[in-house]
Amino acid sequence: MSEEGAGWACSQTGTFAQLRPNGHGFSWLNLRTLWLSRNEILAGLFGDPSGQVRARWVEAQEARGIDPEFRIKPPVGGNFSFLLLGDTGEGDASQYAVVPGMLKLGERTSFAVIASDVIYPTGSGNEYGDKFFRPYKDYDAPIYAIPGNHDWYDGLGGFMRVFCDAPALRPKPDRGLRGLLWRKPEKIDEALLAEARTLRGKPSQQATQPGPYWVIESDNLLVVGVDTGIRNVIDKAQTAWLRRVSLDPRPKILVTGKPIYTGNAYKPSPLAGGGTIDDIVRDPAHRYVAAIGGDVHNYQRYPVKVGDRVIQYIVSGGGGAFMHATHTIGRVGVKGVHEDDFRCYPLRGDSLSFYSQLYARRLRMKWLYLTPVEALCIMSEHIKNQPVRTVAGPVKITRRMRWAARLLGAWPWPFRLPVDKVFHRYLSELSDWDTPPFFKQLLHVSVTPEELTLRCFAATGCLPQELDPPLEDEVRISLS
Numbered sequence: 001m002s003e004e005g006a007g008w009a010c011s012q013t014g015t016f017a018q019l020r021p022n023g024h025g026f027s028w029l030n031l032r033t034l035w036l037s038r039n040e041i042l043a044g045l046f047g048d049p050s051g052q053v054r055a056r057w058v059e060a061q062e063a064r065g066i067d068p069e070f071r072i073k074p075p076v077g078g079n080f081s082f083l084l085l086g087d088t089g090e091g092d093a094s095q096y097a098v099v100p101g102m103l104k105l106g107e108r109t110s111f112a113v114i115a116s117d118v119i120y121p122t123g124s125g126n127e128y129g130d131k132f133f134r135p136y137k138d139y140d141a142p143i144y145a146i147p148g149n150h151d152w153y154d155g156l157g158g159f160m161r162v163f164c165d166a167p168a169l170r171p172k173p174d175r176g177l178r179g180l181l182w183r184k185p186e187k188i189d190e191a192l193l194a195e196a197r198t199l200r201g202k203p204s205q206q207a208t209q210p211g212p213y214w215v216i217e218s219d220n221l222l223v224v225g226v227d228t229g230i231r232n233v234i235d236k237a238q239t240a241w242l243r244r245v246s247l248d249p250r251p252k253i254l255v256t257g258k259p260i261y262t263g264n265a266y267k268p269s270p271l272a273g274g275g276t277i278d279d280i281v282r283d284p285a286h287r288y289v290a291a292i293g294g295d296v297h298n299y300q301r302y303p304v305k306v307g308d309r310v311i312q313y314i315v316s317g318g319g320g321a322f323m324h325a326t327h328t329i330g331r332v333g334v335k336g337v338h339e340d341d342f343r344c345y346p347l348r349g350d351s352l353s354f355y356s357q358l359y360a361r362r363l364r365m366k367w368l369y370l371t372p373v374e375a376l377c378i379m380s381e382h383i384k385n386q387p388v389r390t391v392a393g394p395v396k397i398t399r400r401m402r403w404a405a406r407l408l409g410a411w412p413w414p415f416r417l418p419v420d421k422v423f424h425r426y427l428s429e430l431s432d433w434d435t436p437p438f439f440k441q442l443l444h445v446s447v448t449p450e451e452l453t454l455r456c457f458a459a460t461g462c463l464p465q466e467l468d469p470p471l472e473d474e475v476r477i478s479l480s
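Residue 394 in full-length UniProt numbering is what sits at position 394 of the sequence shown, and the numbering runs on without skipping anything.
Rendered as structure tokens:
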């Protein structure tokens, strides 16, 4: 959690730059990119068809003879480990910066899971080469995934072809204005996909999952993956399946495309027929010990007391895409979680300092710039917590610093630059950057019969952190 560990003093760029294909990736500044991503807006205006399309995919998979309970049974024993990355597939420097640390931490893991948005911007099956197969070509274990909203912009065609080996669905007309404007699935170039698959062609890397949602079974733990579509609603068939799976007496982790807690707010996915996904997670008979969601591009952890136990609710979406700010998260108190028990990465001060640099440079207003130490002290004063990072010597907080923090959205104020809510979404995407520090992260999960250990490691894009990935958070959970 030092400045060096965060990547501020980056004297040498990491080896990730040599892994990245030259000229690949995309720009959110491109109007064509935004047009191709229009299904998000159309789903909000005219209704999200994800549930109906998912039902067609599941029906087609069942006709092909998949396990109707969507079970995955990797060859793991009582002790094993796996990796979890969220929101990976931009194909740019920030995605490839995670790879060296992933390979180092994943040397003896049994598998990896991608939680949400495998491919940006529209989930096309023709973009998996440089955004999935190439970056993870040296990870010598299977990779499973749950789709995010961006994967659904392609009608899930690319996702189902790559992860489930499923043929394309027959087109089904969608009448009305939504059907007229809706982006249709892209035809997959099978020769291109076959060539990409050779990058992860070892027998030890092969895996075919039954559908967009699944359960990975082991002796001591179930990992339950849930598909939340575009607009975060879980359809009737998936809800019924989730209720059945949750009755298994083994402890469980939920992996979902949308986090239940994020930004000091409670946002559980609605279930078709009533209730929310958190009703299932909180039921003591179901034995969920953690719920991990992607979609938000940073790391957050909320230990929530439920009866006589604690469930760890985690955001893990820092696997490769542009960074979502954390300095806009106020003093945490949602559902009784105490601020001192909350964890996030990047630290709020680092987030504020980074965005101050971004705006100072773009607006040519040098006075907006806050050093990491200044931003750390300002956020600690505002949040009223102990500084997470030790500060060498006193720091005088000036009026200039407070004005800069107000304008950058560190706390509610009517006149501020766009760094939060609606504006923040577009600012982050339009302000994607390709030079360290990146503030990316991934989870390493260790399982024994008695205990589950979740560790969050940082990926900054700097060589020292590639060689020794910084541990940003760790929590141990009893499974007994």
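A virtual CB, placed ideally from N, CA and C, is assigned to each residue, including glycine.
Notebook entry, point to check: Within the chosen definition, does the region 381-400 reach the region 328-335 through at least 3 CB pairs nearer than 8 angstroms?
Noted result: yes
Check: By a C-beta neighbour count over all protein chains shown, 10 Å radius and 16 as the cutoff for buried, is T239 buried or exposed?
Finding: buried
Notebook entry, point to check: In whole angstroms, what separates the C-alpha of W411 from that of N298?
Noted result: 19 angstroms
Note to self: So, with DSSP's three-state summary, where would you put D154?
What the structure shows: coil
Item checked: Backbone secondary structure at E472 - three-state DSSP -> Strand at E472.
Note to self: Taking the alpha helix (DSSP H) that V99 belongs to, which residues open and close that run?
What the structure shows: V99 to L105
Check: How big is the Cα-Cα spacing for R400 and A285?
Finding: 54 angstroms
Next item on the list: Can you give me the Cβ contacts of L105 inside the same chain, cut-off strictly under 8 angstroms, excluding the 5 residues immediately before and after it?
Entry: L83, L442, H444, F457 and P469
Check: Where does A93 land, buried or exposed, given buried means 16+ other C-beta within 10 angstroms?
Finding: buried
Next item on the list: Would you decide whether F80 is buried or exposed? Buried here means 16 or more other CB atoms lie within 10 Å of its CB.
Entry: buried
Next item on the list: Would you mind sorting V391 into buried or exposed? The rule is 16 or more other CB atoms within 10 Å of its CB.
Entry: exposed
Next item on the list: Quick one: residues in its chain with C-beta nearer than 6 angstroms to the C-beta of W413, no 5 flanking neighbours on either side, listed in chain order?
Entry: R406
Next item on the list: Assign R364 to buried or exposed, taking buried as 16 or more other Cβ atoms, counted over all protein chains shown, within 10 Å of its Cβ.
Entry: exposed
Check: Start and end of the beta strand (DSSP E) containing Q238?
Finding: Not the beta strand (DSSP E): Q238 falls in the alpha helix (DSSP H), residues K236 to S246.
Notebook entry, point to check: Leaving out five residues before and five after F133 in sequence, what residues of the same chain have Cβ atoms less than 6 angstroms from its Cβ?
Noted result: A196, L199 and R200
Check: Do the region 36-55 and the region 257-266 touch if we need at least three Cβ pairs shorter than 8 angstroms?
Finding: no
Check: Which whole-angstrom value describes the C-beta separation of L352 and I311, a residue pair presumed to lie in contact below a C-beta threshold of 8 angstroms?
Finding: No, L352 and I311 are not in contact; Cβ-Cβ is about 29 angstroms, not under 8 angstroms.
Note to self: Measuring only the C-alpha atoms, how far is T276 from R282?
What the structure shows: 10 angstroms
Notebook entry, point to check: Any idea which residues DSSP pairs C456 with across the strands?
Noted result: L443 and D473
Note to self: I need the DSSP call for L222, collapsed to helix, strand or coil.
What the structure shows: strand
Next item on the list: May I ask you to list the residues that DSSP assigns as paired with K252?
Entry: L222 and Y288
Note to self: Does F415 pass the burial test, meaning 16 or more other C-beta atoms within 10 Å, or should it be called exposed?
What the structure shows: Exposed, since its Cβ has fewer than 16 Cβ neighbours within 10 Å.
Notebook entry, point to check: Any idea which residues DSSP pairs E451 with across the strands?
Noted result: Beta-bridge pairing links E451 to S478.
Check: What number of angstroms, rounded off, separates the C-alpha of H324 from the C-alpha of A360?
Finding: 18 angstroms
Checklist line | Contact set for N220: own chain, Cβ-Cβ below 8 angstroms, skip 5 residues either direction | finding: G78, R250, P251, V447, T448, P449 and L479
Notebook entry, point to check: Is the CB-CB distance between A112 and A459 below 7 angstroms?
Noted result: no
Check: With burial defined as no fewer than 16 other Cβ atoms inside 10 Å of the residue's Cβ, what is the status of T435: buried or exposed?
Finding: exposed
Item checked: Cβ-Cβ distance between E59 and G320 below 7 angstroms -> no
Check: Is it true that the CB of V289 sits closer than 7 angstroms to the CB of Q300?
Finding: no
Next item on the list: Output the distance between the C-alpha atoms of L376 and R389, rounded to the nearest integer angstrom.
Entry: Rounded to whole angstroms, L376 to R389 spans 8 angstroms at the Cα level.
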